[in-house]
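> Pasting a structure below so you can have a look.
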Amino acid sequence: MVTCCHALYYPVNSSKKMILYRRCKRKQKAKFSAFLKKRGPVSDLLSEITTEHESYANFLVQEYSLNAATNHEVAVRKLNEKFRVFGKDDEFFQVVFLAFRKLVENSAKLPNAHIVTTVITVAGKRGYLSEADFAFGWSQTSCDSKLVRPTAFTYTAYIQAIGQNVRGDSWVLAFDIFDDMISNGLIPNVFTYSALIRTGVRGGKNGAQRALLLIPRMRENDIEPDLPVISALVSAFGAANNIDGVRSATHSALKFEKLDGRLFVDIICAFTSCRAYQEALDIFHSSKCPKNIQTCTAIMQAYINSGKVKDAEQIYNRMRIDRSEGGYGFLPNARAHTTMLNGYEKSLMSSSAVNLLRKLEQFNMVNNKEEFVPNEIHYNVVLSACGKCGEWSTAESIFHSMRARGVPTTSITFSTLITAYGRSGETFRARCLYNLMRKEGIFPDDYSFVGLILGHAVKHDLRAALDVRNLMASENISETIHTYNALIYAADICGDYEKVVSLYELMLRSNLEPNETTHELVVNVGKKGAKFYEETQLAANVASAAAGLVGVVGMALGRW
């Protein structure tokens, strides 16, 4: 078919080979149809649509309408197939969302639940949760037709999309959707439970504990857990720090005949979360566990968490060695690089982190392979490693290298370097970098101010450290547990133990939950403060101050 004087055809394998029509020399942003401006939210879709996307979406809508006029079932099947193909294409997957929105607004023959399910699936995988929200919401409220109403598969796809894009407590929505599914008389299947459990796991300990409450319901519905469900349960027990549950679920999972790599990743990560490192190692080194990039990266993390960075390094180095020579026979990917760099950062091995980053840069120049392209995360981790080791000049050099190579420098990058300056007392450099960040229109986060506070703490200037709160207020940023920890640290360094007490009490009144760092700081300060007042024999202050500090320690211990 030829339309708009351009030959149209469909994508095959690569987005680079995908040509919607003969390219114009210059892409222009397409004008959105009026209904898209009325409907919403449209996430980032508006800014990403080009004339190519618009033209092909129009073509799909026209083709669907023509086919539906003669055979609606065939039209739906063909459109669904094309949506799936486009959903896999990195350059044109947005066509799926655009075409769907046009269809539900203008088409005489509405798409059915199968189309909706495909749109939701693509949206979830691509990180466009608002498009999944739109499709699911339309399916629920558009009309009373059974062909349009969400099916069990539609609900499952939406739950999975939520799980793939969890932000904060958004995982709770998946459980609400599950309850809605039940109330509408739909029966969840093993795919539904697997998706919901994994969504709960991504919600942290609270989400995992709620996911585990699904086990009795599965039994009531005579749902026999398959391997994906048991694998998800392994993850849930791990996130809930339930070591007995991990062991039990692992024992059940290993009874299946066909085991996949994902199961072993889940098992290794679950044991690691419960700090059962030896059990994680035993699983990895067992004959059943496949040695692939995912399992190797998981066991690297186990080694790192147990303080055995050199062992993790050995796994990392064995990846690129041929199997015939005792290696694993594959190249590390970006996630493996990140894991290794995180290990160096955690162990304060900044020189090793810098050396690995430089190797990745050199490999990229020579081989131009995507596996060795250093990304923003790699650079940020190395910046943090240098900052923790007091090597601010090296961190500064890496920052300039990032910008020279065109690697994005975000608020995380700026905050990490500001903190590196702060740890070394380079307050002037830290403030200059902060000003540069704001000049470039990058909005600061709480860690930006942590770095500024640390700089003043190193110089024993508590007043200047406390004044950083005024800067935060001017940026309309609320204080967080991290900024309070930095202020408590500053008060400790400056020997103002009464200020520690007031800051801690203020933090609690702000409904901020102390973390492990707060615990360590406050307990340590309490001991030093009590000893200080005893040694200096400040009679007027000993009773009240020491009591206050002991009270703070008591509060701290009572919250962990």
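Numbering (the working numbering), first residue to last: 1444 to 2003.
Think of the CB as a built atom: it goes at the ideal place given N, C-alpha and C, for glycine as much as any other residue.
Since the structure is predicted, the reported quantities are computational estimates derived from the model, not experimental observations.
(1) Do you know whose CA, among E1839, M1845, C1832 and Q1805, lies nearest I1820's CA?
(2) Should C1732 be labelled buried (16 or more other beta-carbon atoms within 10 Å of its own) or exposed?
(3) Counting along the chain, where does the alpha helix (DSSP H) carrying Y1787 start and finish?
(4) What three-state label does DSSP hand T1923 in the structure shown?
(5) In terms of residues, what are the limits of the alpha helix (DSSP H) holding I1711?
(6) Count the other CB atoms within 10 Å of the CB of F1727; is the residue buried (16 or more) or exposed (fewer)?
(7) Closest to D1612 by CA distance: which of A1900, T1594, N1954 and G1643 is it?
(8) Whose C-alpha, out of E1788, F1892 and L1541, is nearest the C-alpha of I1747?
(9) Rounded C-beta distance between I1861 and A1873? I'm assuming under 8 Å.
(10) How should A1566 be labelled, buried or exposed, when 16 other C-beta atoms within 10 angstroms of its C-beta is the threshold for buried?
(11) If I measure Cβ to Cβ from T1782 and keep anything under 6 Å in the same chain, skipping five residues before and after, which residues do I get?
(12) Going by Cα to Cα distance, which pick from L1964, T1738, D1765 and S1794 is closest to A1779?
(13) For Y1598, which of helix, strand or coil comes out of DSSP?
(14) If I measure Cβ to Cβ from A1723 and keep anything under 6 Å in the same chain, skipping five residues before and after, which residues do I get?
(15) Mind checking C1447: buried by the 16 CB within 10 Å criterion, or exposed?
(16) Curious, which full-length alpha helix (DSSP H) runs of at least 4 residues does the region 1617–1683 contain?
(17) Spatial neighbours of R1599 within its chain, please: C-beta separation below 6 Å, excluding the five flanking residues on both sides.
(18) Which residue wins for smallest C-alpha separation from C1875, given the options S1767, E1834 and S1858?
(19) For A1450, count the other beta carbons within 10 Å of its own beta carbon; 16 or more makes it buried, fewer makes it exposed. Which is it?
(20) Could you pull the start and end residues of the alpha helix (DSSP H) that N1748 belongs to?
(21) How big is the Cα-Cα spacing for I1640 and V1672?
(22) Grab the span of the alpha helix (DSSP H) containing M1762 for me, first residue to last.
(23) Going by DSSP, what residue range makes up the alpha helix (DSSP H) through F1386?
(24) In three-state terms, what does DSSP make of T1852?
(25) For D1904, which three-state DSSP category applies?
(26) Going along the chain, which residues of its own chain have a beta-carbon closer than 6 Å to the beta-carbon of T1856, five neighbours each way excluded?
(27) Spell out the partners DSSP gives T1564 in its beta bridges.
(28) For V1943 and I1931, I'd like the C-alpha separation in whole angstroms.
(29) Among S1867, I1563 and L1522, which has the Cα closest to the Cα of K1902?
(30) Give a single yes or no on whether R1520 has its beta carbon closer than 6 Å to a heavy atom of the ligand MN.
(31) Touch check for the region 1608–1623 and the region 1646–1661: three-plus C-beta pairs under 8 Å?
(32) Looking only at C-alpha atoms, which of L1905, L1949 and E1869 sits nearest to T1923?
(33) Are V1677 and A1654 closer than 7 Å when you measure CB to CB?
(34) For the alpha helix (DSSP H) that E1524 lies in, which residues bound it at each end?
(35) Given this structure, state the Cα-to-Cα distance separating F1543 from S1573, to the nearest angstrom.
(36) Let me know the secondary structure DSSP gives R1466 once reduced to three states.
Result, derived from the coordinates:
(1) M1845
(2) buried
(3) A1777 to K1789
(4) coil
(5) G1704 to S1716
(6) buried
(7) G1643
(8) E1788
(9) 5 Å
(10) buried
(11) T1740, M1743 and Q1744
(12) T1738
(13) helix
(14) I1711, F1714, T1715 and A1745
(15) Its pLDDT being 38, under 50, C1447 is placed unreliably by the model, and the measurement read from it follows with that caveat. Exposed is the call here.
(16) 1633–1644, 1647–1655, 1657–1663 and 1670–1682
(17) Checking the sequence, you will find Thr at residue 1599 rather than Arg. Excluding residues within five positions, the ones whose Cβ falls inside 6 Å are F1634, T1635 and A1638.
(18) S1858
(19) Residue placement at A1450 is flagged as unreliable, the pLDDT there being 34, under the threshold of 50; a coordinate-derived value is accordingly withheld.
(20) I1736 to N1748
(21) 8 Å
(22) V1752 to M1762
(23) Given a span of 1444 to 2003 for the chain in the structure shown, any question on residue 1386 remains unanswerable.
(24) coil
(25) coil
(26) N1823
(27) Paired residue(s): none; T1564 is not in a bridge.
(28) 5 Å
(29) S1867
(30) As presented, the structure is devoid of all ligands, the ligand MN included, so that no description of it is given.
(31) yes
(32) L1949
(33) no
(34) H1515 to G1530
(35) 13 Å
(36) Residue confidence is low: R1466 scores 33 on pLDDT, short of 50, so the model does not pin down where it sits. No coordinate-derived value is stated.
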